[in-house]
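In what follows, a structure is listed as structure tokens, so that the remarks can point back to it.
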Amino acid sequence: MEANKTYIQSYCSIQNNQILLNGEIVFSTEPTVFSDFSKKAYQNLEISYSKFFKMDNLSKLAFLGAELLLKSESDASKENNTALVFANKSSSLDTDVKYQNSIVDPENYYPSPAVFVYTLPNICLGEISIRHQLRSENSFFIFVEYNPEFMEKYSNILLDTQKADKVLCGWVEYYNEDYKAFLYLVDKKGELIHNQELLIKLYNQ
Numbered sequence: 000m001e002a003n004k005t006y007i008q009s010y011c012s013i014q015n016n017q018i019l020l021n022g023e024i025v026f027s028t029e030p031t032v033f034s035d036f037s038k039k040a041y042q043n044l045e046i047s048y049s050k051f052f053k054m055d056n057l058s059k060l061a062f063l064g065a066e067l068l069l070k071s072e073s074d075a076s077k078e079n080n081t082a083l084v085f086a087n088k089s090s091s092l093d094t095d096v097k098y099q100n101s102i103v104d105p106e107n108y109y110p111s112p113a114v115f116v117y118t119l120p121n122i123c124l125g126e127i128s129i130r131h132q133l134r135s136e137n138s139f140f141i142f143v144e145y146n147p148e149f150m151e152k153y154s155n156i157l158l159d160t161q162k163a164d165k166v167l168c169g170w171v172e173y174y175n176e177d178y179k180a181f182l183y184l185v186d187k188k189g190e191l192i193h194n195q196e197l198l199i200k201l202y203n204q
């Protein structure tokens with residue numbers, strides 16, 4: 000039995016101080032640190048969500064991408080059954096290191112609860128779910144590298160089994176100022192056929 004076709008409704012990427020939506024640049028800055036870039040992107044995109052500034056960098060990265068792809072979804076329906084399927088290779092290591100440093104330094108010992116909150120990679124899924132009122136399936140996986148085969152199959156299973164109406168997939172990698180986000184919204188209708196070849200092409204743009 001042939002599997003039902005699925006489609007990429009929209010996609011975005013964030014890297015090198017630049018945000019692209021469906022292949023078009025929607026925001027860019029001169030080279031700067033991520034904290035400065037993310038703040039300017041937040042302002043430029045006219046986002047109103049004060050909790051953004053309390054997030055760790057991994058969550059900010061995922062949040063910005065999700066904001067671009069889910070804003071219209073949130074506006075359209077309060078019953079938004081969009082699943083989240085994310086992955087990266089460094090987990091929450093960037094925040095883990097900061098937290099560990101706050102513990103091992105005897106002169107500056109202060110294990111901040113605000114930092115500890117973000118020592119799990121799936122916390123960024125929680126931030127997105129709260130922002131967009133999602134109560135759907137969500138998972139965060141760790142791979143050595145971007146895994147389009149797994150992401151395609153897993154999201155299609157969620158759609159085929161009616162666990163979700165749409166799936167927001169994302170590769171969100173952040174460690175020590177090296178970052179890349181590639182997010183896309185999978186639906187049962189659209190123009191861009193959802194397959195591994197297209198995912199690899201869009202990821203490498």
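Heads up: the sequence shown begins at 0 in numbering that gives the first Met the number 0, then just goes up one per residue.
Beta carbons: idealized from backbone N, C-alpha and C, even for Gly.
These numbers come from a predicted model, not from an experiment.
Euclidean distance between Cα positions of residue i and residue j
| i | j | result |
| --- | --- | --- |
| Glu151 | Lys179 | 19 Å |
| Ser58 | Ser34 | 12 Å |
| Ser12 | Leu60 | 10 Å |
| Gly22 | Tyr10 | 8 Å |
| Cys168 | His193 | 12 Å |
| Leu206 | Pro30 | The displayed coordinates of the chain run from 0 to 204. Any statement about residue 206 would go beyond what the structure contains. |
| Lys88 | Glu66 | 22 Å |
| Glu144 | Trp170 | 9 Å |
| Ile18 | Tyr173 | 15 Å |
| Asn43 | Asn56 | 18 Å |
| Gly125 | Gln99 | 23 Å |
Helix, strand or coil at residue i [DSSP, three-state]
| i | result |
| --- | --- |
| Ala163 | coil |
| Phe149 | helix |
| Asn203 | coil |
| Thr81 | strand |
| Val32 | coil |
| Lys4 | coil |
| Phe181 | strand |
| Tyr41 | helix |
Distance between beta carbons of residue j and residue i, contact taken as under 8 Å
| i | j | result |
| --- | --- | --- |
| Lys200 | Thr5 | No, Lys200 and Thr5 are not in contact; Cβ-Cβ is about 16 Å, not under 8 Å. |
Reference residue i; option with closest CA among the options
| i | options | result |
| --- | --- | --- |
| Glu176 | Asn16, Trp170 and Ile127 | Asn16 |
| Leu63 | Val185, Asn203 and Gln14 | Gln14 |
| Leu158 | Asn80, Lys53 and Leu69 | Asn80 |
| Pro147 | Ala40, Ser135, Ile46 and Phe181 | Phe181 |
| Val116 | Phe149, Leu20 and Asp95 | Asp95 |
| Gln8 | Lys38, Gln204, Leu184 and Leu198 | Leu184 |
Could you check whether the region 138-154 touches the region 20-35, counting it as contact only if at least three pairs of C-beta atoms, one from each stretch, sit closer than 8 Å? Between the region 138-154 and the region 20-35 there are fewer than three inter-stretch CB-CB distances shorter than 8 Å, so the stretches are not counted as touching.
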